[in-house]
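Below is one structure, written out as structure tokens; the observations come after it.
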Amino acid sequence: MRMNRRDFLQNLAIGGGALSAPSFANARQDKALSSEALGLLYDATKCVGCQACVVACKEVNAMPPEFSDPDHLWDAPLGLSASTRNVIALYKEGGRQSFVRQSCMHCVDPACVSACPVKALTKEPKTGVVRYDAETCIGCRYCMVACPFNVPKFEWGSAYGKIVKCQLCDHLLAKGEQPGCSSACPTGAIQFGGVQKLLQEAHARLKASPDAYYSKVYGEKEGGGTQVILLSALPFEKLGLPDLPDVSSATLSETIMHTTYKGFGMPIFLFALFAFMARRNLHKDKGKEE
Amino acid sequence: MQKGAIYSHEPSPGPLWNKAFAAALLVASTGALAILLRVFFGLGFSTNLNDGHPWGLWITWDVLVGTGLGCGGFGLALLVYALDKREFSFLMRPAILTGALGYSFAGFSVILDLGRYGNVYHLFMPSHWQFNSVLFEVALCIMAYTLILWIELVPAMLERRLILGYRIRPNILVRWLYRLLFVVLALGMLLPIMHQSSLGSLLIIAGHKVHPLWQSILFPAYFLISAILMGYGAVVIECYLASSLHGTPFEVRTLGRLSGIAAWLSLLYLFVRLEDLTFRGLWAEALKGWPGMLFVVENALYVAPVWIVANKERRNNAGWQFVAAILFIAASALYRFNAYWFAYNAHVPWRYFPSFLEILVVIGLIGMEVVLYLAAIHFFPILPVSRPVLASSEK
């Protein structure tokens, strides 16, 4: 029997519920999309794979080129890395093919933000941009372990590296401009805007030409929702996007943490119990010696 | 014989400078050079860590296995101070020393692993505290427990009245330490329960990247039990060391009982682990492919020591006890390696195998621990010594 991840996680939740029902009484709610959340809509059917978005991203973020040819002539990143925050990949299968864009998805309920021990990763409450602050980061790389899309990348080549990922060009947003990738896209495959509007737009496209699309807006629900959403003609799993449950893994992780440590009740109880027993048993010792 | 023995702790006999010490020192200095290379040239230069495997050997070995082996003191404290099983108390000191060294070096290794170690002080600044982060809890809790372990060693150090020529007199601080020892001991039992279980919870957020055979909401329980088992295993092996260094008999009966307790814990672990799989309907998955094989080997390693200990003759035989101890450690270590490394797959074209320098650092850190351990047991009364009391002098 082959289980997909969603079945597995559902079983996990059911199993967990049965095995520790009381601890799920305080289950943390999934976070909701902010009404002013900003994001991107990537429509793979419109993308021609020109990589103009990659060039623009590097330009506005002052990122170094990344060579994959032996002569080091072309900036041709093969995937996301510490030098590349945004990349277009090609998926080919028989006669069909599709481009797909990889970058930070700016999750509604980001696992990286939940994982970071020192608040180096934060979610801007209004725009929902997931920001990284190198001045705060300790470089533990737990965000890389936590991210379901493997987006945060580390500067391995540096002696004192930092994490690199898309910040939705928040330095340009502050100036009232739009991100480098969407402004450079010649075909309108990358569209910047409010996430609510982008979702409406995506559904409108699905409705208008159902035959042209795989009938799903990726990111509407995946992992608790993302602010970068995708449309494609091919199933998203084929394009390398994980089939995630509708809740963020942060929900389960935080539920377990906060039920165990709620009000510090359990640790205080255990401490009191151990202290009482240790004291009693140490006193016994004294009695014997004297 | 059990009742007719007197236990004491004595510094190890013989000179500190011998072949073993020299070898450990040599290994330690090689490791120190490797560490310098990491500091000056960075993680990419010295490790094979990559964007698909951000955590590698230093985390799995130094932190997960290192602190697990250091949990002997914690496991024994539960028996001695919570359950009042006095017979095990003479094993405490070496276990606490192993714990203090294991935990301290785990912390040191984490600092080497941190990409931006200069910011590590943020963990102590309330403005940066992130209470949703499992890693935050683990980090603070491990640091607190390391401190507790060193405090628990103070009584042993004070027994030696002269340290480096200075006379140690029990002053007011020491009197207070003895008065508040129960608080220290209680923290010494509470903190490992918290962070050893949380070392498991750390992986829950990784979701689908950890293979379904390992990814479980019961991670905390498995990690807690595996820590205690590794701790008990380390205690048995240290007892071997103590009796061979002092030329005293091996405490087979007490260690037999400890092995028995470990076997029961293993059974509990196996029951929950297999029940968990049945509940999630993962049995078909369990026997499939490379992860399936790892799963079978891992659990066979838990079953084997239970089989050894189940028989009374084997249980009270020093050789079998030693083998069982090694198996308890191997099973738990493999479980932790599997969860964090072998069964971790980010579904990206990156594979990971540690680099030469990574391995060199790990071996170097072991060398440093051995140097400090040998020095500690040489200068302080740590290792237990049992002197059988003759039947005539009993009474």
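Chains as they are written, first to last, in numbering that gives the first Met the number 0: chain E, 0 to 289; chain L, 0 to 394.
Just so you know, even glycine gets a beta-carbon here, dropped at the ideal spot from N, CA and C.
Since the structure is predicted, the reported quantities are computational estimates derived from the model, not experimental observations.
Inset, instruction - For the region 193-215 of chain L, enumerate the residues whose C-beta is nearer than 9 angstroms to any C-beta of chain E, in chain order. - result: Listed by position along the chain: 193, 196, 197, 200, 201, 202, 203, 204, 205, 206, 207, 208, 211, 214 and 215.
Legend entry - Residue(s) in a DSSP beta bridge with residue 290(E): Outside the displayed span of chain E (0 to 289) sits residue 290(E), for which this structure offers no information.
Legend entry - Neighbour flag for residue 212(E) against chain L, beta carbons, 8 angstroms: What you label residue 212(E) is simply residue 213 of the first sequence in a count that begins at 1. Contact of residue 212(E) with chain L is not assigned, every C-beta pair being separated by 8 angstroms or more.
Inset, instruction - Report yes or no: do three or more beta-carbon pairs, one from the region 213-230 of chain E and one from the region 38-55 of chain E, lie closer than 8 angstroms? - result: Segments in contact, yes.
Legend entry - Where residue 190(E) sits in the DSSP three-state scheme: Stepping through the first sequence from its first residue, residue 190(E) is reached at position 191. Note: residue 190(E) maps to strand in three-state DSSP.
Legend entry - Short CB-CB distance (under 8 angstroms) between residue 53(L) and chain E: Taking the second sequence and counting its residues from 1, one reaches residue 53(L) at position 54. At least one chain E Cβ lies under 8 angstroms of residue 53(L).
Inset, instruction - Verify whether the separation of the beta carbon atoms of residue 382(L) and residue 241(L) is less than 8 angstroms. - result: Mapped onto the second sequence, residue 382(L) falls at position 383. Mapped onto the second sequence, residue 241(L) falls at position 242. Going by beta carbons, residue 382(L) and residue 241(L) fall inside the 8 angstroms limit.
Inset, instruction - State yes or no: is the beta carbon of residue 21(E) nearer than 8 angstroms to at least one beta carbon in chain L? - result: The sequence position of residue 21(E) within the first sequence is 22, counting from 1. In this prediction, residue 21(E) scores a pLDDT of 41, lower than 50, which makes its location untrustworthy; the coordinate-derived value is nonetheless stated afterwards. No, no contact with chain L.
Inset, instruction - Can you check the region 271-356 of chain L for any alpha helix (DSSP H) of at least 4 residues that lies completely inside it and give the ranges in chain order? - result: Correct list: 282-285, 288-309, 311-314 and 317-336.
Legend entry - Below-8 angstroms beta-carbon distance, residue 116(E) vs any chain L residue: Against the first sequence, residue 116(E) aligns to sequence position 117. Yes - at least one Cβ of chain L is within 8 angstroms of the one on residue 116(E).
Inset, instruction - Write down the C-beta distance between residue 238(L) and residue 32(L) rounded to the nearest angstrom, noting that I regard them as a contact closer than 8 angstroms. - result: For the purposes of this step, residue 238(L) is taken as the residue at position 239 of the second sequence. For the purposes of this step, residue 32(L) is taken as the residue at position 33 of the second sequence. The beta-carbon distance between residue 238(L) and residue 32(L), rounded to whole angstroms, is 34 angstroms. This is too long to meet the 8 angstroms contact definition.
Legend entry - Euclidean distance between Cα positions of residue 103(L) and residue 58(E): Here residue 103(L) refers to the residue found at position 104 when the second sequence is read from its first residue. Here residue 58(E) refers to the residue found at position 59 when the first sequence is read from its first residue. The straight-line gap separating the alpha-carbon atoms of residue 103(L) and residue 58(E) is approximately 45 angstroms.
Inset, instruction - Please compile the residues from chain E whose C-beta is within a distance smaller than 7 angstroms of the C-beta of residue 8(L). - result: In the second sequence, the residue the question calls residue 8(L) occupies position 9. Close to residue 8(L), with beta-carbon spacing below 7 angstroms, lies no residue of chain E; the smallest spacing is near 15 angstroms.
Inset, instruction - Determine the DSSP secondary structure at residue 210(E), reduced to helix, strand or coil. - result: Numbered from its first residue, the first sequence carries residue 210(E) at position 211. In the three-state DSSP reduction, residue 210(E) falls in the helix class (H, G or I).
Legend entry - Three or more C-beta pairs below 8 angstroms linking the region 285-293 of chain L and the region 210-224 of chain L: Three or more pairs of CB atoms, one per stretch, sit closer than 8 angstroms, so the region 285-293 of chain L contacts the region 210-224 of chain L.
Inset, instruction - Compare the C-beta of residue 49(L) against all C-beta atoms of chain E and say whether one is closer than 8 angstroms. - result: Indexing the second sequence from 1 puts residue 49(L) at position 50. Output row for residue 49(L): interface = yes.
Inset, instruction - Evaluate residue 214(L) with the Cβ neighbour count: other Cβ atoms within 10 Å of its Cβ, from every protein chain shown; 16 or more gives buried, anything less gives exposed. - result: Counted from its first residue, the second sequence places residue 214(L) at position 215. Counting every other CB atom within 10 Å of its CB across the protein chains shown gives residue 214(L) a total of 16 or more, marking it as buried.
Inset, instruction - Would you decide whether residue 55(E) is buried or exposed? Buried here means 16 or more other CB atoms lie within 10 Å of its CB. - result: For the purposes of this step, residue 55(E) is taken as the residue at position 56 of the first sequence. Classification of residue 55(E): buried, given that the 10 Å Cβ count is 16 or more.
Legend entry - Proximity to residue 138(L) [Cα-Cα], best of 122(L), 264(L) and 223(L): To locate residue 138(L), count along the second sequence from 1; it is residue 139. Ranking 122(L), 264(L) and 223(L) by Cα distance to residue 138(L) puts 122(L) first.
Inset, instruction - Mind reading off the beta-carbon distance from residue 373(L) to residue 20(L)? Whole number of angstroms is fine, and I expect it under 8 angstroms. - result: On the second sequence, position 374 is the one that residue 373(L) refers to. On the second sequence, position 21 is the one that residue 20(L) refers to. Approximately 5 angstroms separates the beta-carbon atoms of residue 373(L) and residue 20(L); this is inside 8 angstroms, confirming the contact.
Inset, instruction - Report the rounded CA-to-CA distance for residue 124(L) versus residue 263(E), giving the unit in angstroms. - result: Counting from one through the second sequence, the residue named residue 124(L) turns up at place 125. Counting from one through the first sequence, the residue named residue 263(E) turns up at place 264. Answer to the nearest angstrom: the Cα atoms are 20 angstroms apart.
Inset, instruction - Starting from the beta carbon of residue 278(E), find every residue of chain L whose beta carbon is closer than 7 angstroms, and list them in chain order. - result: By 1-based counting over the first sequence, the position of residue 278(E) is 279. By Cβ distance, chain L contributes 181.
Inset, instruction - Verify whether the separation of the beta carbon atoms of residue 87(L) and residue 274(E) is less than 8 angstroms. - result: Along the second sequence, one-based indexing puts residue 87(L) at 88. Along the first sequence, one-based indexing puts residue 274(E) at 275. Going by C-beta atoms, residue 87(L) is not nearer than 8 angstroms to residue 274(E).
Legend entry - Contacting residues, own chain, Cβ-Cβ under 6 angstroms from residue 340(L) (five flanking each side not counted): To locate residue 340(L), count along the second sequence from 1; it is residue 341. Correct list, in chain order: 59.
Inset, instruction - Report buried or exposed for residue 50(L), applying the criterion of at least 16 other Cβ atoms within 10 angstroms of its Cβ. - result: On the second sequence, residue 50(L) is found 51 positions in, with the first residue counted as 1. By the 10 Å Cβ count, residue 50(L) comes out buried.
Inset, instruction - On the DSSP bridge assignment, give the partners of residue 217(E) in chain order. - result: Within the first sequence, residue 217(E) is the residue found at index 218, counting from 1. Looking at the DSSP assignment, residue 217(E) forms a beta bridge with 229(E).
Inset, instruction - Tell me, to the nearest whole angstrom, how far the beta carbon of residue 10(L) is from that of residue 376(L); I am working on the premise that it is less than 8 angstroms. - result: Sequence index remark: in the second sequence, residue 10(L) carries index 11 (1-based). Sequence index remark: in the second sequence, residue 376(L) carries index 377 (1-based). Confirmed, Cβ separation roughly 7 angstroms.
Inset, instruction - Inspect the CB distances between the region 83-100 of chain E and the region 230-237 of chain E and report whether three or more fall short of 8 angstroms. - result: Judged by pairs of C-beta atoms under 8 angstroms, the region 83-100 of chain E touches the region 230-237 of chain E, as three or more such pairs exist.
Inset, instruction - Give the residues from the region 137-162 of chain E that approach chain L closer than 7 angstroms (Cβ to any Cβ), ordered along the chain. - result: For the region 137-162 of chain E, which is checked against every Cβ of chain L, the residues closer than 7 angstroms are 137, 138, 139, 140, 141, 143, 144, 145, 147, 149, 152, 153, 155, 156, 157, 158, 159, 160 and 161.
Inset, instruction - Please confirm whether residue 194(E) and residue 223(E) have their CB atoms less than 8 angstroms apart. - result: Position 195 of the first sequence, counted from the first residue, corresponds to residue 194(E). Position 224 of the first sequence, counted from the first residue, corresponds to residue 223(E). Contact: no.
Inset, instruction - Note down, in chain order, each residue of its chain lying with its Cβ closer than 7 angstroms to the Cβ of residue 74(L), except the 5 sequence neighbours on either side. - result: In the second sequence, the residue the question calls residue 74(L) occupies position 75. Only residues of its own chain outside the window of five on either side were considered, and among them 227, 230 and 231 have a CB closer than 7 angstroms to the CB of residue 74(L), listed in chain order.
Legend entry - Check whether residue 168(E) and residue 51(E) have beta carbons under 8 angstroms apart: Walking along the first sequence from the start, residue 168(E) turns up at place 169. Walking along the first sequence from the start, residue 51(E) turns up at place 52. With contacts defined as CB atoms closer than 8 angstroms, residue 168(E) and residue 51(E) fail to qualify as a contacting pair.
Legend entry - Interfacial residues, the region 57-90 of chain L to chain E, with Cβ spacing under 7 angstroms: Listed by position, the residues of the region 57-90 of chain L near chain E (Cβ gap below 7 angstroms) are 80, 81 and 83.
Inset, instruction - Compute the beta-carbon to beta-carbon distance between residue 80(E) and residue 152(E), rounded to the nearest angstrom, for a pair I have assumed lies under 8 angstroms. - result: The sequence position of residue 80(E) within the first sequence is 81, counting from 1. The sequence position of residue 152(E) within the first sequence is 153, counting from 1. So it is a contact: roughly 5 angstroms between Cβ atoms.
Legend entry - Against chain B: residues of the region 30-62 of chain E by CB proximity under 7 angstroms: Looking for chain B here will not work: the only protein chains present are E and L.
Inset, instruction - Output the distance between the C-alpha atoms of residue 110(E) and residue 283(L), rounded to the nearest integer angstrom. - result: Locating residue 110(E) in the first sequence gives position 111, where the first residue counts as 1. Locating residue 283(L) in the second sequence gives position 284, where the first residue counts as 1. For residue 110(E) and residue 283(L), the gap between their C-alpha atoms comes out near 30 angstroms.
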